Amino acid sequence: MARILVTVMLKPEILDPQGAAVRNALGRLGLTGVNDVRQGKQFVIELDGDLDADRDALLHKLAAELLANPVIEDYRLEVDAQATA
Amino acid sequence: MSTTTRVVDTVQRAATTPDIEQPWADLGVKADEYARIREILGRRPTSAELAMYSVMWSEHCSYKSSKVHLRQFGDKQPKTDALLVGIGENAGVVDVGDGWAVTFKVESHNHPSYIEPYQGAATGVGGIVRDILAMGARPIAVMDSLRFGAPSHPDTTRVVSGIVAGVGGYGNCLGLPNIGGEAVFDPCYQGNPLVNALCVGAMRHEDIHLAKASGVGNLVVLYGARTGGDGIGGVSVLASESFDATGPAKRPAVQVGDPFMEKLLIECTLAMFQAHLVEGIQDLGGAGLSCATSELASNGDGGMRIHLERVPLRDATLTPEEILMSESQERMMAVVRPENIEAFMDICRRWDVIATVVGEVTDGTHLQVFWHDDLIVDVPPRTVAHDGPVYNRPFSRPQWLDARQADEPTAEKLPRPKTGEELRDALLSLLGSANLSSREWITSQYDRYVLGNTVLAMPDDAGIVRIDESSQRGIAVSLDCNSRFGALDPYLGAQLALSEAYRNVAVTGATPLAITDCLNFGSPEDPAVMWQFAEAVRGLADGCLELGTPVTGGNVSLYNQTGETAIHPTPVVGVLGVIDDVRTRVSIKGGRIGDVVLLLGTTAEEIAGGEWLHVAYGHIGGMPPQVNLAAEMALASLIRAVREHLTSAHDVSDGGLAIALAELVLRNDYGLSVQLPLQTEAFIALFSESVARAVVTVTVADVDAVMAAAAAAGVECTPIGHVTSDAALDIAGCFRLEVEQMRQPWQAALPAIMA
Numbered sequence: 001m002a003r004i005l006v007t008v009m010l011k012p013e014i015l016d017p018q019g020a021a022v023r024n025a026l027g028r029l030g031l032t033g034v035n036d037v038r039q040g041k042q043f044v045i046e047l048d049g050d051l052d053a054d055r056d057a058l059l060h061k062l063a064a065e066l067l068a069n070p071v072i073e074d075y076r077l078e079v080d081a082q083a084t085a
Numbered sequence: 086m087s088t089t090t091r092v093v094d095t096v097q098r099a100a101t102t103p104d105i106e107q108p109w110a111d112l113g114v115k116a117d118e119y120a121r122i123r124e125i126l127g128r129r130p131t132s133a134e135l136a137m138y139s140v141m142w143s144e145h146c147s148y149k150s151s152k153v154h155l156r157q158f159g160d161k162q163p164k165t166d167a168l169l170v171g172i173g174e175n176a177g178v179v180d181v182g183d184g185w186a187v188t189f190k191v192e193s194h195n196h197p198s199y200i201e202p203y204q205g206a207a208t209g210v211g212g213i214v215r216d217i218l219a220m221g222a223r224p225i226a227v228m229d230s231l232r233f234g235a236p237s238h239p240d241t242t243r244v245v246s247g248i249v250a251g252v253g254g255y256g257n258c259l260g261l262p263n264i265g266g267e268a269v270f271d272p273c274y275q276g277n278p279l280v281n282a283l284c285v286g287a288m289r290h291e292d293i294h295l296a297k298a299s300g301v302g303n304l305v306v307l308y309g310a311r312t313g314g315d316g317i318g319g320v321s322v323l324a325s326e327s328f329d330a331t332g333p334a335k336r337p338a339v340q341v342g343d344p345f346m347e348k349l350l351i352e353c354t355l356a357m358f359q360a361h362l363v364e365g366i367q368d369l370g371g372a373g374l375s376c377a378t379s380e381l382a383s384n385g386d387g388g389m390r391i392h393l394e395r396v397p398l399r400d401a402t403l404t405p406e407e408i409l410m411s412e413s414q415e416r417m418m419a420v421v422r423p424e425n426i427e428a429f430m431d432i433c434r435r436w437d438v439i440a441t442v443v444g445e446v447t448d449g450t451h452l453q454v455f456w457h458d459d460l461i462v463d464v465p466p467r468t469v470a471h472d473g474p475v476y477n478r479p480f481s482r483p484q485w486l487d488a489r490q491a492d493e494p495t496a497e498k499l500p501r502p503k504t505g506e507e508l509r510d511a512l513l514s515l516l517g518s519a520n521l522s523s524r525e526w527i528t529s530q531y532d533r534y535v536l537g538n539t540v541l542a543m544p545d546d547a548g549i550v551r552i553d554e555s556s557q558r559g560i561a562v563s564l565d566c567n568s569r570f571g572a573l574d575p576y577l578g579a580q581l582a583l584s585e586a587y588r589n590v591a592v593t594g595a596t597p598l599a600i601t602d603c604l605n606f607g608s609p610e611d612p613a614v615m616w617q618f619a620e621a622v623r624g625l626a627d628g629c630l631e632l633g634t635p636v637t638g639g640n641v642s643l644y645n646q647t648g649e650t651a652i653h654p655t656p657v658v659g660v661l662g663v664i665d666d667v668r669t670r671v672s673i674k675g676g677r678i679g680d681v682v683l684l685l686g687t688t689a690e691e692i693a694g695g696e697w698l699h700v701a702y703g704h705i706g707g708m709p710p711q712v713n714l715a716a717e718m719a720l721a722s723l724i725r726a727v728r729e730h731l732t733s734a735h736d737v738s739d740g741g742l743a744i745a746l747a748e749l750v751l752r753n754d755y756g757l758s759v760q761l762p763l764q765t766e767a768f769i770a771l772f773s774e775s776v777a778r779a780v781v782t783v784t785v786a787d788v789d790a791v792m793a794a795a796a797a798a799g800v801e802c803t804p805i806g807h808v809t810s811d812a813a814l815d816i817a818g819c820f821r822l823e824v825e826q827m828r829q830p831w832q833a834a835l836p837a838i839m840a
């Protein structure tokens with residue numbers, strides 16, 4: 001079994017109103033020195049068997065086109081080594 | 086952009102290095118335009134100046150292809166006392182009585198909405214709301230006119246769901262009711278969806294504000310969101326280049342809207358107006374700071390000096406050129422007297438809005454922009470903002486139009502339903518069609534009643550809101566266009582859009598006062614498209630003159646085409662009307678059992694361009710319905726005069742009488758028993774789309790009075806049936822349809838497209 005984590009974040013140049021709202025709230029609630037907050041989302045995908053090269057390539061393609069909105073978002077794909085047998 | 090070099094390209098450097106190669110072509114500037122910039126400045130432009138000129142001289146900002154035609158809106162402007170501010174400002178302003186003024190405008194955000202539907206549509210709403218705010222008005226309602234590709238195309242659901250969610254998300258968060266509009270599917274919009282957003286605002290006459298910077302020593306304040314890399318080059322690159330088949334090649338950072346920031350901006354700005362702290366104001370939309378600074382300075386009586394390094398940034402790596410071009414949303418620029426600046430800043434602090442004094446009005450004649458101590462822009466502002474290039478683009482009536490207009494949809498060529506069963510099936514297929522089915526899937530995503538002033542909203546013919554909770558005075562607005570009529574004849578197509586929007590406002594009992602337009606066309610470099618544009622403008626200007634409703638402003642969107650294929654000419658017209666007391670309006674909702682149904686207006690055999698032909702055959706050919714604006718005016722004044730006798734009123738347009746009657750039944754859950762006039766073939770009576778018609782219901786006791794008034798007004802008035810209790814549409818001798826038989830396809834169509 002393999003567990004894959006796909007993290008999708010707004011591209012750095014894109015305005016993130018939610019992140020900005022959280023940044024302001026953190027400051028208001030006493031956390032000092034908050035420079036910036038960016039908010040994204042994470043997909044946890046569990047696969048039967050190993051992540052072979054074919055499935056890895058397809059996963060990258062789907063992460064880029066389905067999980068992320070390529071116009072405004074970037075993704076990062078990593079294999080969760082602990083959960084991957 | 087010149088991001089590779091860190092050398093600041095100063096005015097002084099430009100003067101001493103005349104031969105440096107500049108990327109004017111990449112910025113969309115033509116060779117002769119570049120030569121003209123050099124001529125104006127007497128030297129080469131700096132990179133910052135080139136950025137400003139390129140973006141302000143783009144089609145989107147300069148109207149360089151359309152200007153020569155748009156002048157007709159001024160030349161043929163009807164005499165009216167209602168127009169307080171005309172074309173040229175952020176939006177036109179209309180007197181609606183009692184010291185109230187209303188400002189309204191429709192604007193396109195088409196190309197960005199194809200690339201990123203949600204944010205494109207959302208920032209389209211945000212942009213038009215700021216335009217209205219900049220006139221001094223409180224925004225009170227929005228509307229949207231949307232066009233999408235074929236319902237069956239795999240990309241359509243992406244575009245529809247994103248755009249509808251974007252319009253709803255932004256407007257709902259702002260707390261503005263969305264009171265209507267239209268949503269149309271047609272294959273011609275596949276790669277070029279249209280998002281035309283309208284906003285209405287209300288104010289007292291004395292609160293009108295204009296975009297001008299005057300008074301030497303007055304301060305120029307930028308307030309609202311920080312500036313980031315949003316939409317850099319978006320205006321000139323995105324809005325002025327057609328998409329090719331491989332998709333957008335250039336992808337500047339998409340503008341992302343923040344409606345909660347905009348809400349703060351609205352309240353903050355209105356508080357400043359109330360305290361009389363603002364001498365001049367301009368919103369930042371397309372072309373960002375380049376546009377705001379040059380327009381404010383150009384409209385004023387002096388010069389302006391801007392210190393660009395003071396602009397608060399979201400991204401510290403932005404170059405001065407990028408800061409000038411950025412289209413970051415939710416920003417405004419105000420001109421403030423020095424003695425008022427503390428009070429101004431206090432209000433900004435109260436609303437948690439960042440405000441920065443970025444410059445001042447000078448006694449010079451130039452707009453000067455500094456980057457720290459270096460002078461990087463030194464230009465006469467008029468040359469940037471108003472004296473851009475003007476093109477007399479060649480236009481000619483396309484050869485193929487004769488063949489298209491001659492291709493009449495005759496009964497021999499395209500067989501029509503004859504028997505009762507065939508007519509019934511035709512009505513059911515129209516009710517279940519993409520364009521006539523229930524819009525509820527869309528409108529249920531919009532807040533229609535927030536603020537508590539909404540009187541009518543979708544699915545009524547026009548939206549009506551009270552202008553203020555203290556008043557019963559209301560305004561009625563409708564946005565309409567049938568672009569197939571434009572494809573058959575652009576002159577008539579524009580007048581038919583006007584005719585329909587006028588009628589939709591009039592059937593509520595409101596008095597139409599003024600219009601705004603959003604002219605969506607293909608590439609102006611194609612003489613056939615340019616001809617369509619010229620004809621549509623001529624048609625609209627002539628029509629407005631006849632109706633006595635001036636064009637107050639609007640927007641032109643060109644280059645809506647993919648490859649060689651342009652969209653149908655789509656001149657969307659918004660008509661604004663006023664109603665003294667909203668409690669006296671009539672609508673499609675109403676009518677009691679036993680009421681008599683009257684058809685107002687005259688029906689001719691006019692089906693070309695209509696919905697039945699579109700659904701049955703997808704045929705584009707023949708001549709559109711005849712325009713009769715005198716008849717529209719007669720109908721409007723008749724309805725106004727007899728409105729207290731009317732228990733309901735509904736306009737007859739898309740899909741003809743059959744759809745109008747079906748909509749009455751669907752809305753009111755009652756039955757209609759109808760006898761069609763014997764002298765007309767049933768198919769024509771039911772599906773023709775002749776103009777200047779409405780269906781009204783009146784109590785039996787009032788029939789004579791209404792018929793007499795109609796006769797006096799010269800409006801044909803035909804009793805065609807009465808309201809019954811059996812929840813069905815019964816057309817004598819043709820068919821009978823239970824309300825649930827009609828509701829099923831009518832409600833299922835849009836959800837099925839989106840599934």
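Just so you know, the sequences run in chain order B and P. My numbering numbers the first residue of the first sequence as 1 and each following residue consecutively. My numbering numbers the first residue of the second sequence as 86 and each following residue consecutively. Glycine included, C-beta positions come from ideal geometry on N, C-alpha and C. Just so it is clear, the structure is predicted and the values come from calculations on it, not from any experiment.
Are the Cβ atoms of residue i and residue j separated by less than 8 Å?
i	j	result
M1 of chain B	D48 of chain B	yes
E424 of chain P	A310 of chain P	no
V181 of chain P	L168 of chain P	no
M417 of chain P	I366 of chain P	yes
M141 of chain P	L409 of chain P	no
N866 of chain P	S193 of chain P	Here chain P has residues from 86 to 840 only, and residue 866 of chain P is not among them.
G806 of chain P	L751 of chain P	no
P709 of chain P	D574 of chain P	yes
I549 of chain P	L541 of chain P	yes
A837 of chain P	E823 of chain P	no
V896 of chain P	L723 of chain P	Not covered by the structure: residue 896 of chain P. The range shown for chain P is 86 to 840.
L486 of chain P	S379 of chain P	no
Going straight from the alpha carbon of residue i to that of residue j, what length do you get?
i	j	result
A419 of chain P	N303 of chain P	10 Å
F772 of chain P	D240 of chain P	31 Å
V780 of chain P	V464 of chain P	59 Å
T165 of chain P	L630 of chain P	10 Å
A53 of chain B	K11 of chain B	27 Å
Q42 of chain B	A68 of chain B	10 Å
A94 of chain B	E201 of chain P	Absent from the model: residue 94 of chain B. The displayed extent of chain B is 1 to 85, so no value can be given.
V322 of chain P	G113 of chain P	In this prediction, V322 of chain P has a pLDDT of 39, which is less than 50 and means its spatial position is unreliable; what the coordinates show is noted afterwards. Cα to Cα, the separation comes out at about 7 Å.
V658 of chain P	R76 of chain B	46 Å
Q359 of chain P	D546 of chain P	35 Å
Using a Cβ cut-off of 7 Å, pull out every chain P residue sitting near residue i, in sequence order please.
i	result
E13 of chain B	G313, G314, A338, D400
I want to verify the contact list: residues of chain B whose CB lies under 7 Å from the CB of residue i, in sequence order.
i	result
E201 of chain P	V71, I72
D343 of chain P	L15, P17
Span of the alpha helix (DSSP H) holding residue i?
i	result
L231 of chain P	No alpha helix (DSSP H) contains L231 of chain P, which is instead part of the beta strand (DSSP E) from 223-233.
F480 of chain P	Here F480 of chain P belongs to no alpha helix (DSSP H), and DSSP marks it neither H nor E.
V712 of chain P	Looking at the DSSP string, V712 of chain P is not in any alpha helix (DSSP H), and its letter there is neither H nor E.
H154 of chain P	152-160
At which residues does the beta strand (DSSP E) containing residue i begin and terminate?
i	result
C603 of chain P	596-605
N281 of chain P	279-289
I439 of chain P	Here I439 of chain P belongs to no beta strand (DSSP E), and DSSP marks it neither H nor E.
W456 of chain P	452-456
N640 of chain P	636-642
Please name the residue or residues paired with residue i in a DSSP beta bridge.
i	result
H60 of chain B	Paired residue(s): none; H60 of chain B is not in a bridge.
M418 of chain P	P:L307, P:Q367
W185 of chain P	P:G182, P:R289
A268 of chain P	P:L231
F820 of chain P	P:I816
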